[in-house]
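Below you'll find the structure, written out as structure tokens, and then a few comments.
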Amino acid sequence: MSAPNYLIAYEATDRGREAIQLGIALARLTGAELRVCIVMPRQSVVPAKVSAGIADYQSLLQRQADEWLVLAEAQIPADIVATTHTVWAESTSEGLLRAAEGFDSDRIIVGAARAGLLGRFSIGSVANGLLHASPVPVALAPRGYRAPSRISRITCAIGTRPGWEALLDSMVAISENLDVDLRFITLVQVGTAPVVTAEDSQEHLATVLEYFSSRATFLGTPTTEVGEGDNIEDAVDAMDWRSDEIVFVGSSRLASPSRLFLGSTANRMLRTLPVPLIVVPNV
Amino acid sequence: MSDAPRTDSAPASDSQRADEATGLSSKGLSAGSIGLLGATVIGISCIAPAYTLTASLGPTVAAVGTQMPGIFLVGFIPMLLVALGYRELNKAMPDSGTSFTWATRAFGPWIGWLGGWGLIVATVVVLSNLAGIAVDFLYLAIAQIAGDPAIADLASNVGINIATCLVFMVAACYISYRGMETTKAVQYVLVAFQLIVLVWFSVAAISLFSNGGAFDALAFSPEWFNPFALPSFSAFAAGVSLSIFIFWGWDVTLTMNEETKNPETTPGRAATLTVAIIFVLYILVAVASLMFAGIGTGELGLGNEDIQGNVFAALAGPVMGPFAILMSLAVLSSSAASLQSTFVGPARTMLAMGHYQAFPKRFAAISPRFKSPSFATIIAAVVAWGFYAVMRVLSTDVLTDTILTLGMMICFYYGVTALACVYYFRRVAFASVRNFFFKFLAPLVGGVILAVIFVTTLLDSMDPDYGSGSKIGETGLVFVLGVFLLASGVVLMFVMRAVNPAFFTGRTLRRGEGRE
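Chains as they are written, first to last, in my numbering: chain P, 189 to 471; chain F, 136 to 651.
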């Protein structure tokens, strides 16, 4: 059986470096190989009076991509197997999806922060494009992410709406033979008219735990926790978070089958949390 | 979907094979996607006929009067000959693609550098002209929509004009920097719109002529098609120089190979179809404009210096009535789209020159995020806007003068490239009949014609009455501009040689020659 592989959406920016850091962390956790991909714009004829010299430009872009990939390789420790690739595509997310399909990748890892002057954390356009279209889980590296020496805990944020089993099935597979802490959480908004109460959530988590334990070969004991707050951000803040953990969330039910979409809860978690989020598609 | 390890995933050592299987390692051209219609649309987009005609009708009438249709036909010949040479260079050096690399590989660094410089200068000049036309038509369109003619006059306020031009430049530069491209659908719509409006304009002008409503009715004469009925060679040269401008961009279709569905036949057929459509359109508009407006210097006469730089802005209203707004939108969209796409050419040439150390290294910078030539694109915008601002202040008719300067610059860099073709293939020129015609005779004749036109128009432009009549001291502004732009290139070339001799000593880009 060969190792799984994770596709890294690389660009020679902080976003790309953050994606590589998350790739390192996840590769150490699961022994996966990394496919570092840089997407370069596919050229077409430019309708201008001055011939825009596609051929020249093409080879210069290729050289630049090679240089950038050498820099990318230098960021990856020797104990991790990684390959580098240039992908030519009309759009970055299209190229990444095609590459992930070609490599039969198990995840796509991308720097999620939006580049720009505004500073406020929101999801960049590439990550956003992937979240709307990827058939495989997308791992989002937060701004300034550095790989810890090892990941000590996996948190699985799980909702009460139908479809949570899909995420749990993935967790069963992921946690197999892993030596980490595992925790299942739900977030509860204690607003004026709570749809879901803390008691409901506790009950739900018990069901979740039972579902998980009956299937998983996970060695440790999973824990459960309910986060409460006036809004999702407060609920997230109220819980304890480790710098060396990763969070799994399911994709929103808005998404078409087996396509990802980040729900509003997950979106708000990403804004609040400085930990990586892995979004798993509904099957 | 499970996130567990899979049994069928490719091992790392096979990644290269996976690359090939999925086409990941293929080059970045969108291969085989363009058919005959698409290629023709691109060809017409490149030429941007609505913009080109409004900018060139006036200066052409000023140079050749009623012989305009004839000169348009003759002016295509040098363009055709040079483009045939381009096609041979493109085939022989698939890794090169601009006047800069071609001329360097043929003639070595010095002439190569100047060839690249000529292309950059021509683009900077056309960018400023495109922006100028766009500014005029922006205010005209607003005036037509608001029903207040006073708004159109805002364009003649130098401060407002320069500031509006800056807005256009920044927008176009930003779009290019982001690496965004005009989609095919938008190109189709823009081209169809231009063609419809131009035909509408011509039909309306000719029917006004028939029912006596023309401004200065001029009966059609077949003699208009005789390019040799001109009083002097100078007039002929000026006319041909302008014709080069109106067909400028046509060569792009010929060099469009990998992208077409059938590289053997599509580019040639598309280029033929493009030029056929453009011929019909240009002749129609030229004849209709002459019949309606005449060549006098009256209010709407094509000889009127006040309207020469932007003819449709003055004629569309009287000819098309309330539908003149369509002409404004056609020219505005055509020039704005062209403004944006024209940024790409000089930016890539400067990038290549930066890479080969013919320009400072900074020009070679590629944006890690957008993967576009970042520094070069910004410099192109700054220089084009600066050039426009200075010209606005110096010239009484900036559009006419920039078009005349432009004709000269295009002759220069096309000429250099055509002769580069002849020289590059010198050892195989007589190897076959085909070689003789396409690699030797066509580019040689084309190059020589362009050289003669270049020298003639340059000398003639010393006359202070040339073009708009703007002058510096007792010398025509167009001459001063032409000499200044080329001489500053020579100076910068020597500065660059002193700062970093790598390119000039042949260490970054080697000379070569075509062999069988």
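Quick reminder that beta carbons are idealized off the backbone N, C-alpha and C, glycines included.
Span separating the alpha-carbon of residue i from that of residue j
i                      : j                      : result
residue 244 of chain P : residue 358 of chain F : 46 angstroms
residue 477 of chain F : residue 225 of chain F : 20 angstroms
residue 357 of chain P : residue 344 of chain P : 12 angstroms
residue 247 of chain P : residue 360 of chain P : 46 angstroms
residue 398 of chain F : residue 424 of chain P : 59 angstroms
residue 236 of chain P : residue 469 of chain F : 11 angstroms
residue 266 of chain F : residue 304 of chain F : 7 angstroms
residue 294 of chain P : residue 432 of chain P : 22 angstroms
residue 441 of chain F : residue 602 of chain F : 12 angstroms
residue 372 of chain F : residue 235 of chain F : 26 angstroms
residue 363 of chain F : residue 375 of chain F : 12 angstroms
residue 645 of chain F : residue 243 of chain F : 7 angstroms
residue 604 of chain F : residue 438 of chain F : 13 angstroms
residue 390 of chain P : residue 376 of chain P : 10 angstroms
residue 292 of chain F : residue 382 of chain F : 32 angstroms
residue 641 of chain F : residue 471 of chain F : 39 angstroms
residue 418 of chain F : residue 296 of chain F : 32 angstroms
residue 428 of chain F : residue 435 of chain F : 6 angstroms
residue 622 of chain F : residue 256 of chain F : 11 angstroms
residue 388 of chain F : residue 404 of chain F : 9 angstroms
Residue-level contact to chain P via CB, residue i, 8 angstroms cutoff
i                      : result
residue 332 of chain F : no
residue 177 of chain F : yes
residue 477 of chain F : yes
residue 335 of chain F : no
residue 226 of chain F : no
residue 636 of chain F : no
residue 512 of chain F : no
residue 546 of chain F : no
residue 329 of chain F : no
residue 501 of chain F : yes
residue 159 of chain F : With a pLDDT of 45 at residue 159 of chain F, under the threshold of 50, the modelled position of this residue cannot be trusted; read the value that follows with caution. Chain P contact via Cβ: present.
residue 383 of chain F : yes
residue 322 of chain F : yes
residue 610 of chain F : no
residue 643 of chain F : no
Within-8 angstroms CB hit, residue i to chain F
i                      : result
residue 238 of chain P : yes
residue 298 of chain P : no
residue 257 of chain P : no
residue 355 of chain P : no
residue 224 of chain P : no
residue 232 of chain P : yes
residue 252 of chain P : yes
residue 464 of chain P : no
residue 438 of chain P : no
8 angstroms Cβ cut-off: residues of chain P touching residue i
i                      : result
residue 481 of chain F : 238
residue 318 of chain F : The contacting residues do not exist; residue 318 of chain F stays about 10 angstroms from chain P at best.
residue 487 of chain F : 241, 244, 245 and 248
residue 509 of chain F : By Cβ distance, chain P contributes nothing, its closest Cβ being about 11 angstroms from residue 509 of chain F, past 8 angstroms.
Heavy atom of the ligand COA within 7 angstroms of residue i beta-carbon
i                      : result
residue 534 of chain F : This structure lacks the ligand COA, and indeed carries no ligand of any kind.
Chain P contact residues for residue i, given Cβ-Cβ distances below 7 angstroms
i                      : result
residue 506 of chain F : 228, 229 and 249
residue 181 of chain F : 235, 236 and 237
Per-residue contacts from residue i into chain P (C-beta, under 9 angstroms)
i                      : result
residue 314 of chain F : 229
residue 239 of chain F : By Cβ distance, chain P contributes nothing, its closest Cβ being about 11 angstroms from residue 239 of chain F, past 9 angstroms.
Please list the residues of the stretch 386-411 of chain F that have a C-beta atom closer than 8 angstroms to any C-beta atom in chain P, keeping them in chain order. For the stretch 386-411 of chain F, which is checked against every Cβ of chain P, the residues closer than 8 angstroms are 386, 387, 390, 391 and 394.
Whether or not the stretch 583-592 of chain F and the stretch 541-551 of chain F are in contact is what I'm after, with contact meaning three or more pairs of Cβ atoms, one per stretch, closer than 8 angstroms; do they touch? Contact holds: three or more Cβ-Cβ distances are below 8 angstroms.
Using a Cβ-Cβ cut-off of less than 8 angstroms, list which residues of the stretch 255-281 of chain F approach chain P; keep chain order. Residues passing the 8 angstroms Cβ filter: 257, 258 and 261.
Evaluate the contact criterion for the stretch 344-354 of chain F versus the stretch 455-463 of chain F: three or more CB pairs, one atom per stretch, below 8 angstroms. The stretch 344-354 of chain F is not in contact with the stretch 455-463 of chain F.
Whether or not the stretch 228-248 of chain F and the stretch 601-610 of chain F are in contact is what I'm after, with contact meaning three or more pairs of Cβ atoms, one per stretch, closer than 8 angstroms; do they touch? Counting Cβ pairs under 8 angstroms, fewer than three are found: no touch.
Under 7 angstroms, CB to CB, which of the residues in the stretch 199-222 of chain P have a partner in chain F? The residues in question are 199, 200, 201 and 221.
Determine contact between the stretch 346-355 of chain F and the stretch 187-196 of chain F, defined as no fewer than three beta-carbon pairs at a distance below 8 angstroms. The stretch 346-355 of chain F and the stretch 187-196 of chain F do not touch, with fewer than 3 CB-CB distances between them shorter than 8 angstroms.
Three or more C-beta pairs below 8 angstroms linking the stretch 478-492 of chain F and the stretch 500-518 of chain F: Short answer: they touch.
Using a Cβ cut-off of 7 angstroms, which residues of the stretch 520-551 of chain F contact any Cβ in chain P, in chain order? Residues passing the 7 angstroms Cβ filter: none.
Segment contact flag, the stretch 456-466 of chain P with the stretch 316-335 of chain P, C-beta cutoff 8 angstroms, min 3 pairs: Cβ pair count under 8 angstroms is three or more, so yes.
Would you say the stretch 277-290 of chain F touches the stretch 523-542 of chain F, given that touching needs at least three Cβ pairs under 8 angstroms? In this structure the stretch 277-290 of chain F does not lie against the stretch 523-542 of chain F, because fewer than three pairs of beta carbons, one per stretch, are closer than 8 angstroms.
Using a beta-carbon distance cut-off of less than 7 angstroms, what residues from the stretch 416-433 of chain F approach chain P? Under the 7 angstroms Cβ criterion, the stretch 416-433 of chain F contributes no residue.
Identify each residue in the stretch 179-210 of chain F for which the Cβ-Cβ distance to at least one residue of chain P is less than 8 angstroms, and report them in chain order. Here the close residues are 180, 181, 182 and 183.
Do three or more CB pairs link the stretch 495-509 of chain F to the stretch 193-202 of chain P at distances below 8 angstroms? In this structure the stretch 495-509 of chain F lies against the stretch 193-202 of chain P, because at least three pairs of beta carbons, one per stretch, are closer than 8 angstroms.
Answer yes if the stretch 559-571 of chain F comes into contact with the stretch 303-320 of chain F, meaning at least three C-beta pairs across the two stretches below 8 angstroms, and no otherwise. Result no; under three Cβ-Cβ pairs closer than 8 angstroms.
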